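What follows is one structure encoded as structure tokens, with my remarks underneath.
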Amino acid sequence: MSGSGECVLAIDLGTSGPKVAVVTLDAEVVGWQTRPVALSLSPGGGAEQDPADWWQAICAAARGVLDQTEAAKRVVAVAVTCHWCGTVAVDGAGQPLRPAIIWMDSRGARYVPELCRGLIRIEGYGLRKLVRWLRLTGGVPGLAGKEPVSHLLWLRHNEPEVYAAAAMFLEPKDWLNFKLTGTFAATYDSIATHWVTDNRRLDDIRYHEGLLDWIGVPRQKLPDLCGASEIIGTLTPEAASALGLGQAEHVQVVGGTPDLQSAAVGSGAVDDGQAHIYVGTSSWVTCHVRFKKTDVLHNMASLPSPLPGRYFVAAAQETAGACFEHLRDHFLFADDELGTGELPEDFWPRLERVGAAAPAGSGGLIFTPWLYGERSPVADATLRAGFHNLSLRTGRPELIRSVYEGVAFNTRWLLKYLERFVGSRCEPIRFIGGGAMSNLWCQIMADVLDREIHQVVEPRACNARGAALLASLGLGHLEVEDIPARVGIAQRFEPTPEHRELLDRQFAAYLQIYAKNSAIHRRLNALE
1 MSGSGECVLA IDLGTSGPKV AVVTLDAEVV GWQTRPVALS LSPGGGAEQD
51 PADWWQAICA AARGVLDQTE AAKRVVAVAV TCHWCGTVAV DGAGQPLRPA
101 IIWMDSRGAR YVPELCRGLI RIEGYGLRKL VRWLRLTGGV PGLAGKEPVS
151 HLLWLRHNEP EVYAAAAMFL EPKDWLNFKL TGTFAATYDS IATHWVTDNR
201 RLDDIRYHEG LLDWIGVPRQ KLPDLCGASE IIGTLTPEAA SALGLGQAEH
251 VQVVGGTPDL QSAAVGSGAV DDGQAHIYVG TSSWVTCHVR FKKTDVLHNM
301 ASLPSPLPGR YFVAAAQETA GACFEHLRDH FLFADDELGT GELPEDFWPR
351 LERVGAAAPA GSGGLIFTPW LYGERSPVAD ATLRAGFHNL SLRTGRPELI
401 RSVYEGVAFN TRWLLKYLER FVGSRCEPIR FIGGGAMSNL WCQIMADVLD
451 REIHQVVEPR ACNARGAALL ASLGLGHLEV EDIPARVGIA QRFEPTPEHR
501 ELLDRQFAAY LQIYAKNSAI HRRLNALE
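Heads up: the sequence shown at position 350 corresponds to 350 in UniProt numbering, and the numbers run straight through without jumps.
Here is the structure:
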């Protein structure tokens, strides 16, 4: 990067904490830093974080990366991407009234059936409501209760004083934009899972009064709407100082986008029907389409994309990389009478080497990665993970490899319905996120999916890169068709033919494990 190159400060807030990156207007990632953020889980499906912790961590990471890259004077824009489907209830000054309810929270699930009821029901939805939601929005409130509409219902029933006092309900990304600009705004894509907007015309997305009435949310408690690449304001002096940008009154802030959408842009997979896989704490498979369509049975729909004039469709799973983090923190390196909890600095390379020592198929061991329920292709908050077919011959290599393969099996399950939705085979598939740093996982994905996998350059920075690319679009520096050439491929992984029969057989068993155990999970976990 030349010393005078203009840059974007890209803020990527994940569940485990923010990654703040300096990215050139041509999508070169100059540097990034991360900071951790605590997650609070509570009985009954509660999942919350403190927005003040987000802001503190973001500012620390921003100051760190600006010092590291010496880029403060070259920053011309700030762009935010963030975990999606959360709710921050704020007062008129934008101050949170309580901790943020995030995407993992399912406490509102009990209220969704009443919202969706009708005389004639299809898959739990009243026919009239189902048809209207699908026609207007493209989707329906998920029965698993992990969307803002469910959060709002839970607040109204359980914390009515907070609900009444809230001046505004914001997605996490949109609260961060308020901290940056002092402006309340949501983007067409971030508001989509409130299921209160008419998305039939991408050039005229707006709130729908009838849908607002169904949800029971006054219009004034939701922010005005804009596009993901639109400039929503300039950085306030207070925000500029906190981020380490000094007096940066000229710095523009774009609308930004949730993490699924920024990943799609940052992966470079922006052509119609071109898919990418993301594996971080959670995982998903997405691609862009030109049509509006819904698959109610598998919780998939065409929703507004951050790219102008486009829809995107995503099939998401709740826990992917989180499965390894849970295994690491609670079993391999737990701090108790059996161990000190001391984690080696090179844990991830060691993990990969041990997993690579096991044969394809993990000696028949199958891991199901449903640690916190599932979102698609089945919406079921009661599903739980497990190791199946454990034997006396199973060792640590097989145990670890089975986690890699289990996430890949679930991805194959998602891909099956994504390709059916799109109407074509998706190949090659780009692979991004922290999981894509593992060559073993890349090869396992290729083998399990039977698809050529393209490992993207700097795969951990794709969300930040996507946010920066939206800023470049908003500033007029790039056009959408310029994006693929700005995102390089590090390696290509071909499927291994000799593993095909074995992995096909195990995938069939994986689906049988779900079919035969889902009712048991519902009985065991209904009261969590």
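The C-beta atom is built at its ideal place from N, Cα and C for all residues, glycine as well.
All values reported here derive from a predicted model rather than from experimental measurement.
Unbroken alpha helix (DSSP H) run spanning residue i, endpoints
| i | result |
| --- | --- |
| Leu-155 | 148-158 |
| Val-131 | 127-136 |
| Ser-302 | Careful: Ser-302 lies outside any alpha helix (DSSP H) and carries neither H nor E. |
| Cys-226 | Taken as a continuous stretch (DSSP letters only), Cys-226 belongs to no alpha helix (DSSP H), being part of the beta strand (DSSP E) at 224-226. |
| Leu-176 | 172-181 |
Cα-Cα separation, residue i to residue j
| i | j | result |
| --- | --- | --- |
| Ala-269 | Thr-340 | 43 Å |
| Gln-247 | Pro-304 | 35 Å |
| Val-296 | Leu-478 | 36 Å |
| Ser-2 | Val-23 | Because the pLDDT of Ser-2 is 39, which lies under 50, any placement of that residue in the model is unreliable, and the question is left without a value. |
| Asp-504 | Phe-312 | 29 Å |
| residue 553 | Val-480 | The question about residue 553 has no answer, for the chain in this structure spans 1 to 528. |
| residue 554 | Val-8 | An answer regarding residue 554 cannot be provided, because it is not within the stretch 1 to 528 covered by the chain. |
| Arg-375 | Ala-301 | 13 Å |
| Gly-145 | Asp-105 | 7 Å |
Close Cβ partners of residue i (< 6 Å) along its chain, the five nearest in sequence each way excluded
| i | result |
| --- | --- |
| Ser-402 | Ser-362, Leu-365, Phe-367 |
| Ser-283 | Gln-317, Ala-320 |
| Thr-15 | His-83, Thr-281 |
Same chain only: Cβ atoms within 8 Å of residue i, ignoring 5 sequence neighbours per side
| i | result |
| --- | --- |
| Cys-116 | Gly-124, Tyr-125, Gly-126, Lys-129, Leu-130, Val-140, Pro-141, Leu-143 |
| Leu-449 | Ala-408, Thr-411, Arg-412, Leu-415, Ile-429, Pro-495 |
| Asp-203 | Gly-309 |
Limits of the beta strand (DSSP E) - the one that residue i falls within
| i | result |
| --- | --- |
| Glu-48 | 46-49 |
| Leu-493 | Here residue 493 is Phe; the residue named in the question, Leu, does not match the sequence. Element bounds for Phe-493: 489-493. |
| Trp-32 | 29-34 |
| Tyr-278 | 275-279 |
| Ala-485 | Looking at the DSSP string, Ala-485 is not in any beta strand (DSSP E), and its letter there is neither H nor E. |
| Ala-186 | 185-187 |
Reduced DSSP secondary structure (H/G/I, E/B, other) of residue i
| i | result |
| --- | --- |
| Ala-10 | strand |
| Asp-329 | helix |
| His-477 | coil |
| Gly-3 | Since pLDDT at Gly-3 reaches only 41, below the 50 mark, its modelled position is unreliable, and the value read off the structure follows with that caveat. If DSSP states are grouped into helix, strand and coil, Gly-3 belongs with coil. |
| Ile-120 | coil |
| Glu-345 | coil |
| Glu-41 | Looking at the sequence itself, residue 41 is Leu, so the reference to Glu does not match. Reduced to three states, the DSSP call for Leu-41 is strand. |
| Arg-74 | helix |
| Cys-287 | strand |
| Met-445 | helix |
| Gln-247 | coil |
| Leu-235 | coil |
Proximal residues to residue i (C-beta, below 7 Å), its chain only, five neighbours per side dropped
| i | result |
| --- | --- |
| Leu-134 | Val-140, Thr-294 |
| Ala-60 | Arg-35 |
| Gly-5 | Thr-24, Arg-74 |
| His-208 | Leu-136, Val-196, Thr-197, Asp-198 |
Minimum Cβ-Cβ distance from residue i to chain C less than 9 Å
| i | result |
| --- | --- |
| Glu-427 | Judged by its chain identifiers, the structure shown contains no chain C, having just a single protein chain. |
Any non-hydrogen atom of the ligand GTP closer than 8 Å to residue i Cβ
| i | result |
| --- | --- |
| Ala-446 | Absent from the structure shown: the ligand GTP. Ligands present: none. |
Residue(s) in a DSSP beta bridge with residue i
| i | result |
| --- | --- |
| His-388 | Ile-366 |
| Arg-206 | Asp-198 |
| His-454 | Arg-430, Arg-492 |
| Phe-312 | His-288, Leu-303 |
| Lys-19 | Asp-12, Thr-34 |
| Pro-96 | Val-90 |
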